[in-house]
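Single-structure report; data block below.
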Amino acid sequence: MPLPLIYHEDYSPEFPADHRFPMDKFRLLRDHLVDSGLTRDADLLRPQICPNDILALAHDRSYIERYMSGQLSREDQRRLGLPWNEALARRTVRAVGGSILAAEQALEHGLACHLAGGTHHAHYDYPAGFCIFNDLAIISQYLLQSGRVNRVLIFDCDVHQGDGTARILHDTPEAITVSLHCEKNFPARKAESDWDIPLPKGMGDADYLRVVDDTLNYLLPLYQPDLVLYDAGVDVHKDDALGYLQLTDAGVAERDERVMRHCLGRDIPVVGVIGGGYSKDRHALARRHGILHHSAQRVWDSHGCH
625 MPLPLIYHED
635 YSPEFPADHR
645 FPMDKFRLLR
655 DHLVDSGLTR
665 DADLLRPQIC
675 PNDILALAHD
685 RSYIERYMSG
695 QLSREDQRRL
705 GLPWNEALAR
715 RTVRAVGGSI
725 LAAEQALEHG
735 LACHLAGGTH
745 HAHYDYPAGF
755 CIFNDLAIIS
765 QYLLQSGRVN
775 RVLIFDCDVH
785 QGDGTARILH
795 DTPEAITVSL
805 HCEKNFPARK
815 AESDWDIPLP
825 KGMGDADYLR
835 VVDDTLNYLL
845 PLYQPDLVLY
855 DAGVDVHKDD
865 ALGYLQLTDA
875 GVAERDERVM
885 RHCLGRDIPV
895 VGVIGGGYSK
905 DRHALARRHG
915 ILHHSAQRVW
925 DSHGCH
């Protein structure tokens, strides 16, 4: 059985070419994974649209309706930083559906990866930082409330703090929020995760990987989660436009492999979402995001998940 990978054509709707959010990166990521021989388009799993009732496990219903009907206030539009149209709204709820499908696949097979997801700045009733609905929080509540898991651990390695996730899940002790992020970076006002691990600007591969190992060696035995949601943001990369850390391609690949091996070595299923990554060179960015899926394939082959 191939490594479960989740994607949908809705992920890269038409978008202003000069916008700083790289909306075409999802399609380019799919192309890269197919061209590099990692997968075939026919093998990619296509998700359903996430229904409002599931979104509402982590978000205010009137906020969901305002967004879906294009009625966000000017202030919310400014916080979000993305234009509104129906294709983008559909993309948004389709991608949440993709993260849910990826999590279900991980629970079934041990490991799965999404070709999108990681929208960790979305808050209960407002968007922020290109994030509309918080897939990490939604998956957590959905799996906890349906009794599929008793405890979930979110391991967020995006370079920016997972502030929305931390706030939405603040009163849900069964969802443990862990954020490794560059200290001096967006958001200026940090939230309080269960475990915040602020990193100094300019940190490179070796120091970063040590933090990853130490954190997981401590937290996985402590909490023994039934699932780990891994936000594999590549904005930790030295060439990222918004990052401030100094990881190389090799460092990112090693990080991804270590996270997945830490989990699978303890028989904990893990799902990878791509998180943030910003570059004017969209093809280079797609390859950078693809490090997650190539790393996952190596772990899949050596662990014989299936």
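Be aware that the sequence shown starts at 625, since it is given in the numbering used here, and climbs by one per residue. C-beta atoms are modelled at their ideal positions from N, C-alpha and C, and glycine is treated no differently.
Alpha carbon to alpha carbon, what distance is there between lysine 904 and aspartate 642? 9 Å
Identified DSSP bridge partners for alanine 752: Cys755
By the three-class DSSP mapping on this structure, what secondary structure does alanine 799 have? strand
Assign tyrosine 842 to buried or exposed, taking buried as 16 or more other Cβ atoms, counted over all protein chains shown, within 10 Å of its Cβ. exposed
Provide the residue span of the alpha helix (DSSP H) that contains valine 937, from first to last. There is simply no residue 937 to check, as the chain begins at 625 and stops at 930 in what is shown.
Starting from cysteine 806, follow its DSSP beta bridges and name the residues at the other end. Leu823
Nearest-angstrom Cβ-Cβ length linking valine 802 and alanine 856, presumed shorter than 8 Å: Not a contact, Cβ separation roughly 13 Å.
According to DSSP, simplified to helix, strand and coil, what is histidine 738? strand
DSSP-derived helix/strand/coil call for isoleucine 678: helix
If we count the other Cβ atoms within 10 Å of its Cβ and call it buried at 16 or more, is serine 686 buried or exposed? exposed
Neighbour-count burial assignment, alanine 874, 16 or more Cβ in a 10 Å radius: exposed
Kindly indicate which residue of His861, Leu853, Ala910, Gly899 has the alpha-carbon position closest to the one of methionine 884. Leu853
Are the stretch 699-713 and the stretch 738-752 touching by the rule of at least three beta carbon pairs closer than 8 Å? yes
Beta-carbon proximity of glycine 722 to glycine 741, cut-off 8 Å: yes
Mapping DSSP to helix, strand and coil, what is histidine 632? coil
Kindly identify the DSSP beta-bridge partner or partners of histidine 861. Leu871
Under 8 Å between C-beta atoms of valine 858 and isoleucine 800: no
Quick one: what does DSSP say aspartate 642 is sitting in, helix, strand or coil? coil
Any idea what DSSP makes of valine 895, helix, strand or coil? strand
How many angstroms separate the CA atom of leucine 777 from the CA atom of valine 876? 21 Å
So, at 7 Å on beta carbons, what are the nonlocal neighbours of asparagine 758 in its own chain, with the 5 sequence-adjacent residues on each side left out? Ala682, Thr743, His744, Ala746, Gly788, Thr789, Ile792
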